[in-house]
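Here is the structure we will look at, set down as structure tokens.
Number of protein chains: 2
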Amino acid sequence: MDKVLLDYGSGGRASHRFVQDLFFKHLGNDILARMDDAAVLHLNGPVAMSTDSFVVDPIFFPGGDIGSLAVHGTVNDVAMMGARPLYLTCGFILEEGLPLADLERVVASMGQAARDAGVRIVAGDTKVVQRGAADKIFINTTGVGEIVVDPAPGGNRARIGDAVLVSGSMGDHGLAILSTREGLSFAAPVVSDSAALWGLVEKVLAAAGDVHVLRDPTRGGLGTTLNEIAGQSAVGIELVQADIPIDPAVAGGCAVLGLDPLYLANEGKCICIVPGDKALATLEVLRADPLGRDAAVIGRVVAEHPGKVAMVTPLGGRRLLGMLEGEQLPRIC
Amino acid sequence: MDKVLLDYGSGGRASHRFVQDLFFKHLGNDILARMDDAAVLHLNGPVAMSTDSFVVDPIFFPGGDIGSLAVHGTVNDVAMMGARPLYLTCGFILEEGLPLADLERVVASMGQAARDAGVRIVAGDTKVVQRGAADKIFINTTGVGEIVVDPAPGGNRARIGDAVLVSGSMGDHGLAILSTREGLSFAAPVVSDSAALWGLVEKVLAAAGDVHVLRDPTRGGLGTTLNEIAGQSAVGIELVQADIPIDPAVAGGCAVLGLDPLYLANEGKCICIVPGDKALATLEVLRADPLGRDAAVIGRVVAEHPGKVAMVTPLGGRRLLGMLEGEQLPRIC
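From first to last, the protein sequence lines are chains A and B.
Each residue of the first sequence is one higher than the last, beginning at 1 in UniProt numbering.
Each residue of the second sequence is one higher than the last, beginning at 1 in UniProt numbering.
Below, the structure is given as structure tokens:
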């Protein structure tokens, strides 16, 4: 029995055995083990809740897989609200015929990523659809965490004079997925940055005092995310292109393929917008952490062109950086 | 533009327009409108959290659609913990080419079901996969609610002497899906029972005092769910087959198709296990509610055969009712 069968999703005896064998082995904890219709949680104070479905293709890629990505993506969205991620639920949609070895590799990776991120998987659901009705495996994760700062960061809290930082290089995840999918190889390997950011965020919250905005530039990349923030806060954002960290391998790959790394997804990076006088302290704690060693101050919040993002180019020109138009890369996460 | 396009899932400008036009129109509220990476919620006391992915085929069926079902399924799982459902997240996986009119009908139905159930949809996510990589639309919903009773009902709390009730007829949802999918029609119409149960549950909690177990017999049906409870509580359960309510149209359809309604999914029914001396009071409040008008006491919790479910047949024999074996009906929810 080496493939996922349709009756593993039936809710009957086969699903029970399947779930107990595989999911409990890798994801089990005392809350999940109760096997009730819902998990019982104890949460203090205001709570952040976020959901994401993952359909990344391929399901295994340099730097991660759909399982670890499904943990990182959602715990990071929770962390961006200044909240310590605590609990995750996971919903699997499996294609009949998926090799069980692939599924187990994904589930084991989820379990490891959850332990590393300090979160517990407290409820789950598995559906199996017939061959051809889904592509291998889709995973939804929904996370909750306790907000530990007041006021919490918010996309509408960027203020004129704030500094804009990123915690590292842009575009790694997007290019890693594309190059794997298309069988491309570059001079230097391109690896996804998929990682859980709460540890880094916690240090930033302590160093910067009041962090105005935290956001992870996933789908749509840095360009789209900054446009969202400029719109929500009704401010302008001005970037210095030369200060935006881009890994040379990613820059090279993007040049060859005609892609802009500022619109490629990141899965282990955050944008931090902090009061201008806290920029250097924030940069220092970011760079002291392995996940933030390439952090940089990339721009500032301005009164001009509210709702828009402008960029000073290396040649001294200025251009507007709009939202992503069309689809650069489907199924990137 | 009358079909879902791949770039609606890009995270860029097209997704933003699409999300704002369609999802906010039907699901919008002040929390969702903040458009941050996570919703900020205020919850008191212990919280129940549950997740479910919906892959039902067809997406429209007599008595509901995948949108209302995705709300009912998850709010019911939360309610079964004695918790008032408050907030839902939803994650959509859409197939490129899905008619926008179908999507809007589903989303509008979700919005209506959420309003009727008194819950708000506070966070969402949309992914679009290429044609053939998913079948029309899959929806994950994850819900949280505040547990209002102490101790909360739990699958491990059935006690010898307890009465076992169901809130209505068994098998309606499963047979409605199957007959729609296969284009079958019976003498009388078979309609899904998909409904939100919190209102009914709240009355049961008040009438029965300490409700030991609440469970909705969805996938796997009554037979499987009672086996789960017998196992979790290490007790036997004894049913009287003649007392289990089955709609005549469902009984007739099942007889024709060789299906057992006790293993068919329900989406608007609950099992209530209460102290024996509270059985009649519980039955009375169930029957006074339109969703519980066919409620019945169907059996009791016994010391014999712990972990197993036995049933007295109309002819006076006894047989064990095991868990569902194999898959009666894929993609029933």
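Idealized CB from N, CA, C, for every residue including glycine.
Cβ pair residue i, residue j closer than 9 Å
i, j, result
"residue 309 of chain B", "residue 236 of chain B", "yes"
"residue 88 of chain A", "residue 143 of chain A", "yes"
"residue 125 of chain B", "residue 260 of chain A", "no"
"residue 198 of chain B", "residue 47 of chain B", "no"
"residue 354 of chain B", "residue 105 of chain B", "Examination of residue 354 of chain B is not possible in this model, given that chain B is present from 1 through 333 alone."
"residue 358 of chain A", "residue 331 of chain B", "Only positions 1 to 333 of chain A appear in this structure, which leaves residue 358 of chain A out of reach."
"residue 278 of chain A", "residue 169 of chain A", "no"
"residue 192 of chain B", "residue 172 of chain B", "yes"
"residue 244 of chain B", "residue 262 of chain B", "yes"
"residue 335 of chain B", "residue 129 of chain A", "The displayed coordinates of chain B run from 1 to 333. Any statement about residue 335 of chain B would go beyond what the structure contains."
"residue 190 of chain A", "residue 176 of chain A", "yes"
"residue 292 of chain A", "residue 163 of chain A", "no"
"residue 214 of chain B", "residue 254 of chain B", "no"
"residue 178 of chain A", "residue 329 of chain A", "yes"
"residue 180 of chain A", "residue 54 of chain A", "no"
"residue 201 of chain B", "residue 79 of chain B", "yes"
"residue 219 of chain B", "residue 12 of chain A", "yes"
"residue 239 of chain A", "residue 298 of chain A", "yes"
Bridge-paired residues (DSSP) for residue i
i, result
"residue 8 of chain B", "The partner list for residue 8 of chain B (beta bridge, DSSP) is empty, contrary to what the question assumes."
"residue 147 of chain A", "A:83"
"residue 272 of chain A", "A:165 and A:214"
"residue 300 of chain A", "A:163 and A:238"
"residue 129 of chain B", "B:95"
"residue 61 of chain A", "A:64"
Min CB distance residue i to chain A below 9 Å
i, result
"residue 241 of chain B", "no"
"residue 53 of chain B", "yes"
"residue 10 of chain B", "yes"
"residue 128 of chain B", "yes"
"residue 261 of chain B", "no"
"residue 329 of chain B", "yes"
"residue 93 of chain B", "yes"
"residue 267 of chain B", "no"
"residue 180 of chain B", "no"
"residue 162 of chain B", "no"
"residue 210 of chain B", "no"
"residue 238 of chain B", "no"
"residue 57 of chain B", "yes"
9 Å Cβ cut-off: residues of chain A touching residue i
i, result
"residue 97 of chain B", "Correct list: empty, because the minimum Cβ distance to chain A is about 13 Å."
"residue 71 of chain B", "Those do not exist, as residue 71 of chain B stays about 14 Å from chain A at its closest Cβ, beyond 9 Å."
"residue 78 of chain B", "37 and 38"
"residue 155 of chain B", "34, 35, 36 and 37"
Cutoff 9 Å: residue i Cβ touching any chain B Cβ
i, result
"residue 90 of chain A", "yes"
"residue 50 of chain A", "yes"
"residue 220 of chain A", "yes"
"residue 36 of chain A", "yes"
"residue 13 of chain A", "yes"
"residue 61 of chain A", "no"
"residue 159 of chain A", "no"
"residue 307 of chain A", "no"
"residue 6 of chain A", "yes"
"residue 147 of chain A", "yes"
"residue 132 of chain A", "yes"
"residue 304 of chain A", "no"
"residue 228 of chain A", "yes"
Chain-ordered chain B contacts of residue i [CB-CB under 8 Å]
i, result
"residue 46 of chain A", "40, 41 and 42"
"residue 81 of chain A", "36, 37, 38 and 40"
"residue 66 of chain A", "Those within 8 Å of residue 66 of chain A in chain B number zero; the least Cβ separation is about 12 Å."
Neighbouring residues, chain B, relative to residue i (Cβ below 7 Å)
i, result
"residue 345 of chain A", "With chain A covering only 1 through 333, there is no way to say anything about residue 345 of chain A."
"residue 215 of chain A", "37"
"residue 297 of chain A", "Under the 7 Å cutoff, chain B gives no residues; its nearest Cβ is about 22 Å from residue 297 of chain A."
"residue 122 of chain A", "49"
"residue 152 of chain A", "40"
"residue 125 of chain A", "51, 52 and 53"
"residue 232 of chain A", "35"
Residues that residue i contacts on chain A, provided the C-beta gap is smaller than 8 Å
i, result
"residue 25 of chain B", "By Cβ distance, chain A contributes nothing, its closest Cβ being about 19 Å from residue 25 of chain B, past 8 Å."
"residue 102 of chain B", "By Cβ distance, chain A contributes nothing, its closest Cβ being about 16 Å from residue 102 of chain B, past 8 Å."
Chain-ordered neighbours of residue i on chain B, where CB pairs are closer than 9 Å
i, result
"residue 21 of chain A", "None at all; the shortest Cβ gap to chain B is about 15 Å."
"residue 135 of chain A", "129, 130, 132, 133 and 134"
Proximal residues of chain A, C-beta to C-beta of residue i below 7 Å
i, result
"residue 186 of chain B", "Going along chain A, no residue has its Cβ under 7 Å from residue 186 of chain B, so there is no contact; the nearest lies around 23 Å."
Q.
I want to know whether the region 28-44 of chain B touches the region 191-210 of chain A - three or more CB-CB distances under 8 Å.
A. no
Q. Between the region 2-9 of chain B and the region 56-74 of chain A, are three or more C-beta pairs nearer than 8 Å?
A. no
Q: Would you be able to state if there are at least three C-beta pairs under 8 Å between the region 107-121 of chain A and the region 104-117 of chain B?
A: no
Q) Just checking, does the region 220-239 of chain B make contact with the region 294-310 of chain B on the three C-beta pairs under 8 Å criterion? A) yes
(Q) Three Cβ pairs or more, each shorter than 8 Å: is that satisfied between the region 284-292 of chain A and the region 81-95 of chain A? (A) no
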